[in-house]
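The next block holds one structure in the form of structure tokens; read it before the comments.
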Amino acid sequence: MTIAPAPSTARSLRRRILERGRDQAVPDRAVLVLHDVTKRYPNGKIALRDVDLVIPEGDFVFLVGPSGAGKSTLIKLLIRDEVATRGEVVLDGQDLARLPRRQVPRIRRKIGIIFQDFKLLPTKTVWENVAFALEVTGYPRRQIRPAVDQVLAIVGLSAQAKQTPNQLSGGEQQRTAIARALVHDPRLIIADEPTGNLDPLISWEILQLLLRINELGVTVLMATHDSDLVTALRKRVVALEEGRVIRDELAGAYHRAG
Amino acid sequence: MFSFLLFGVKRAWQGFWRNAAMSLAATATMTLMLLLLASFWIVQAGFLASLSYVEDKVGVVADLNENATNLEIQEVQGRLKAMPEVRDVQYISKDEALARFREERAAQGQQDLTTYLDKNPLPASLEVKLRKPEDYRVVASFLQVEDVVAKVQNIEDTTDRLVELTNFLRTFGVLLLAVIGSIVLFIVINTIRLAVLGRADEIEVMRLVGASDAFIRWPFVFEGALVGLFGAAITMGVLAAASEPLAAFMTQFFEIVPVSVGSISRDVTVLVVGAGAGLGIVGAWVSVRTYLIR
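Protein chains in written order, with my numbering: chain A, 23 to 280; chain B, 851 to 1144.
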């Protein structure tokens, strides 16, 4: 796979120093590297087998596959809800398996995650839901207001800031969740079936929003069943089946071409 | 550190009121449990006071020889006082013994027959108060061999039985309080666990956005303390309102027993506030822990 040349920013320099001396097969500019990852659950079920995956910075990747193919397990490994039985999961230069428990919250702040069921807190307003992500991570109070206002503007919810989730449409709720995922300025957005509960028109809206965020330089990994969206976009597609990567193609469709 | 504390307390306060139904239910449970605990404590305290009062009555009474001199009596008295088992020694002269006898008869509404006597038949005596009624035998056998002592009044059987009974009652009281205490502990912790369970979504979101364990845990712990302190405040209010009639009843019931209301109310305050805050904190801590360890 070809990797885009790195812009020489201070950030990429810092990461390059971090990754120096690592396995030579690991590209410099990858946000996420899975190397030979196998996940076996305590009940003996093997959810992932020998998965290799490299996601370079700025990529937009669809993760497809039938239910039970291992998409959820893969996402759990990325946010370190689970730890790989074998292999390496390297996020932003850090091997998650070797990460001490105390460091886990820190790595999660580099990831923004979006779910099918939004996971918004019903007792808080839109603004508070987004601010919550910063408050509970010890963000300086003075910086919370401008940061929240900014992401709400990006997702187009400035007018709804004072409403609670049950006053919003499904699309607006998902955009709130996206704002919350964005507010930490993450390196990677993981979207787990983000359009699963939305009708096609709203699904398109959400996808457009994720594409725009991707254009702002944030890497996006989107797990989905929505074949129309995937096929129409011709982005990179990684297909899982029975725990294996069976297909990884640039400008792919939902189903195997031909 | 200070800003973290402020954050925690603020979030606890918000959390309490935004989930008012659950918080108030938890507070109500906490209040009832604290009331239960406090009531048993008060009953126990009154009970123990009565027991000690009864035990205080146990003493060794030694009738003295008519011909014992003051000097001899004082000498025996001095040696008695030096014994570690002895709390107090009182000399009752013949006249005092007579006066007491007359008083008792009068109190029983009986005729005073002593006026028909030409001379006081009652002996002088030494009344020895004991630190512990169990020591009865030691002091009695000490007195029996003294020359000035005519006779040691025999209350051995009664004393033995009393000691047996009070020891049993004390153990029973402590056991009962322990049982009540554990019931209160489990109910309160389970109530708080339910309240935290109802906020599992909130904890999950916190974990996903990368909140550290401390940021997740402490607001809940403060909230648990808040539930405990509110519960304690209401409990103390109820107890204060009930204390007047209760005290009146207690004084009436125990009549002669010197129950120190002041020290009981201080103990109860410490117990209620401490148990309330402690249970709230421990309950929240263990409940949140379930969600943190992965």
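All C-beta atoms, glycine included, are put in the ideal place defined by N, C-alpha and C. Being a predicted model, the structure only gives us computed values, none of them experimental.
Does residue i get closer than 8 Å to chain A when you measure Cβ to Cβ?
{"i": "B/R868", "result": "yes"}
{"i": "B/M1056", "result": "yes"}
{"i": "B/E1052", "result": "yes"}
{"i": "B/F1072", "result": "no"}
{"i": "B/F1065", "result": "yes"}
{"i": "B/S1137", "result": "no"}
Reducing DSSP to helix, strand and coil, say where residue i ends up.
{"i": "A/F84", "result": "strand"}
{"i": "B/M872", "result": "helix"}
{"i": "A/M244", "result": "strand"}
{"i": "B/R987", "result": "helix"}
{"i": "A/R44", "result": "Because A/R44 sits at a pLDDT of 42, beneath the cut-off of 50, its placement in the model cannot be relied upon, and the point is left open."}
{"i": "A/E104", "result": "coil"}
{"i": "B/D968", "result": "coil"}
{"i": "A/G90", "result": "coil"}
{"i": "B/K907", "result": "helix"}
{"i": "A/D117", "result": "strand"}
{"i": "A/G193", "result": "helix"}
{"i": "B/A912", "result": "strand"}
{"i": "A/E215", "result": "coil"}
{"i": "A/L70", "result": "strand"}
{"i": "A/F137", "result": "strand"}
{"i": "B/L980", "result": "strand"}
{"i": "A/G109", "result": "strand"}
{"i": "A/L179", "result": "coil"}
{"i": "B/R1020", "result": "helix"}
{"i": "B/L1096", "result": "helix"}
{"i": "A/L142", "result": "coil"}
{"i": "A/L204", "result": "helix"}
{"i": "A/R123", "result": "helix"}
{"i": "A/K184", "result": "coil"}
{"i": "A/R278", "result": "coil"}
{"i": "B/L1026", "result": "helix"}
{"i": "B/V1059", "result": "coil"}
{"i": "A/P162", "result": "coil"}
{"i": "B/L1076", "result": "helix"}
{"i": "A/T147", "result": "coil"}
{"i": "B/R929", "result": "helix"}
Kindly identify the DSSP beta-bridge partner or partners of residue i.
{"i": "A/L75", "result": "A/L56"}
{"i": "A/V259", "result": "A/F84, A/E271"}
{"i": "B/I942", "result": "B/S975"}
{"i": "A/F154", "result": "A/F154 is not bridged to any residue."}
{"i": "B/K1001", "result": "B/D913"}
{"i": "B/V936", "result": "B/L980"}
{"i": "A/L210", "result": "A/I133, A/T241"}
{"i": "A/R266", "result": "A/E263"}
{"i": "A/R62", "result": "A/I68"}
Please check if any C-beta of chain B sits within less than 8 Å of the C-beta of residue i.
{"i": "A/I166", "result": "no"}
{"i": "A/L143", "result": "yes"}
{"i": "A/A155", "result": "yes"}
{"i": "A/T281", "result": "Absent from the structure is residue 281 of chain A, since the part of chain A shown begins at 23 and ends at 280."}
{"i": "A/R127", "result": "The sequence given here places Pro at residue 127 of chain A; Arg does not occur at that position. Yes, its Cβ sits closer than 8 Å to a Cβ of chain B."}
{"i": "A/I211", "result": "no"}
{"i": "A/H57", "result": "no"}
{"i": "A/I135", "result": "yes"}
{"i": "A/L121", "result": "no"}
Going along chain B in order, which residues have a C-beta closer than 8 Å to the C-beta of residue i?
{"i": "A/I101", "result": "L1058"}
{"i": "A/R131", "result": "V1059, G1060"}
Which residues in chain B have a C-beta closer than 9 Å to the C-beta of residue i? List them in chain order.
{"i": "A/H206", "result": "V1059, G1060"}
inquiry  = Taking contact to mean 3 or more Cβ pairs, one atom from each stretch, closer than 8 Å, check whether the region 1070–1083 of chain B and the region 1117–1131 of chain B are in contact.
reply    = yes
Contact the region 258–275 of chain A vs the region 1012–1032 of chain B: 3+ CB pairs below 8 Å = no
ask   = Do the region 105–118 of chain A and the region 151–165 of chain A meet, that is, are 3 or more Cβ pairs less than 8 Å apart?
value = no
ask   = Using 8 Å as the threshold, is the region 942–954 of chain B in touch with the region 919–928 of chain B, meaning 3 or more CB pairs across them?
value = no
inquiry  = Does the structure place the region 1030–1044 of chain B close enough to the region 883–893 of chain B that three or more beta carbon pairs sit under 8 Å?
reply    = yes
key: Touching by the beta-carbon criterion (3+ pairs, under 8 Å), the region 1053–1069 of chain B and the region 857–868 of chain B   = yes
inquiry  = Three or more C-beta pairs under 8 Å: does that hold for the region 231–245 of chain A against the region 81–93 of chain A?
reply    = yes
query = Is it a yes or a no for the region 198–211 of chain A touching the region 125–137 of chain A, going by three-plus beta-carbon pairs under 8 Å?
reply = yes
message = For the pair the region 888–901 of chain B and the region 996–1013 of chain B, tell me if three or more CB-CB distances fall below 8 Å.
response = no
message = Using a Cβ distance threshold of 8 Å, determine whether the region 1087–1098 of chain B contacts the region 1038–1048 of chain B, with at least three qualifying pairs required.
response = no
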